[in-house]
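One structure below.
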Amino acid sequence: MYLSNKTIKEYIESGKIKVTGDIQIESIGISMHLGNELLIPRPYQVIDSKNPIEIEYLKYNLEQAPYVLKPNEFVLGSTKEIVFTDKDIITMIDGRSTYARLGMSIHISAMVLDGLPFNEESSVLEIKNMGNFNILLHQFERVGTYVFAQLSTSIEGKKESPYINQNGVTPPKF
Numbered sequence: 001m002y003l004s005n006k007t008i009k010e011y012i013e014s015g016k017i018k019v020t021g022d023i024q025i026e027s028i029g030i031s032m033h034l035g036n037e038l039l040i041p042r043p044y045q046v047i048d049s050k051n052p053i054e055i056e057y058l059k060y061n062l063e064q065a066p067y068v069l070k071p072n073e074f075v076l077g078s079t080k081e082i083v084f085t086d087k088d089i090i091t092m093i094d095g096r097s098t099y100a101r102l103g104m105s106i107h108i109s110a111m112v113l114d115g116l117p118f119n120e121e122s123s124v125l126e127i128k129n130m131g132n133f134n135i136l137l138h139q140f141e142r143v144g145t146y147v148f149a150q151l152s153t154s155i156e157g158k159k160e161s162p163y164i165n166q167n168g169v170t171p172p173k174f
């Protein structure tokens, strides 16, 4: 069951959901904002998950200037917010319709943030411009919504992940 704004507010007050910064509760979630840094992959690297190498990125600081995301370009970003939930709540990312209508996605396949019931984390955004427009990415602009759902029972056990307690833009780890 997805949580409404009323339930989200109650869960924030009780501590079941924790979000850093200025919280903007929407009808079905909490506003998500782009952080201050991007990782731009160096093009044409060969990636082999069986024999991983360190992927080369250029760091881009959005505090200096907005970034021009060109058609068909892919970058990694992260959220300004750091989120934590109880183990009976799952968190998902939903991109803004306005950006989708321009051809931009903020998540390619990792919609469910399965590490949040275990750690306080910022969320890494897989930003892809599939459209025909140059799109300016600004520090702290609203890019999506955190959506929450109630699980039937609490998750058991611990989460084993190379991304535990990630803070900021984190590249893939094999």
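Read in UniProt numbering, the sequence shown has 161 at position 161, and its numbers run on one by one without any break. Every residue gets a Cβ at the ideal spot worked out from N, C-alpha and C, and that includes glycine. Treat the numbers as computed from the prediction; the structure is a model and nothing was measured.
Which residue comes first and which comes last in the alpha helix (DSSP H) that contains Y67?
-> Here residue 67 refers to the residue found at position 67 when the sequence shown is read from its first residue. It is not in any alpha helix (DSSP H) - Y67 instead sits in the beta strand (DSSP E) that spans Y67 to L69.
S78, buried or exposed, once every other Cβ within 10 Å from all chains shown has been counted against 16 = Numbered from its first residue, the sequence shown carries residue 78 at position 78. Residue environment for S78: buried (at least 16 other C-beta atoms within 10 angstroms of its C-beta).
Which class does K18 belong to by DSSP, given the choice of helix, strand or coil?
-> For the purposes of this step, residue 18 is taken as the residue at position 18 of the sequence shown. Secondary structure at K18: strand, using DSSP grouped into helix, strand and coil.
Along the chain, where does the alpha helix (DSSP H) that runs through T91 open and close?
-> By one-based count along the sequence shown, residue 91 stands at place 91. For T91, there is no enclosing alpha helix (DSSP H); the residue is found in the beta strand (DSSP E) stretching over I89 to G95.
Just grab the DSSP bridge partners of Y60 for me.
-> Here the question's residue 60 lines up with position 60 in the sequence shown. Answer is L38, bridged to Y60.
Using three-state DSSP, classify residue 176 as helix, strand or coil.
-> Missing from the structure shown is residue 176; the chain here goes from 1 to 174 and no further.
Output the distance between the C-alpha atoms of E13 and N51, rounded to the nearest integer angstrom.
-> For this step, residue 13 is matched to residue 13 along the sequence shown. For this step, residue 51 is matched to residue 51 along the sequence shown. Between E13 and N51, the C-alpha separation is close to 47 Å.
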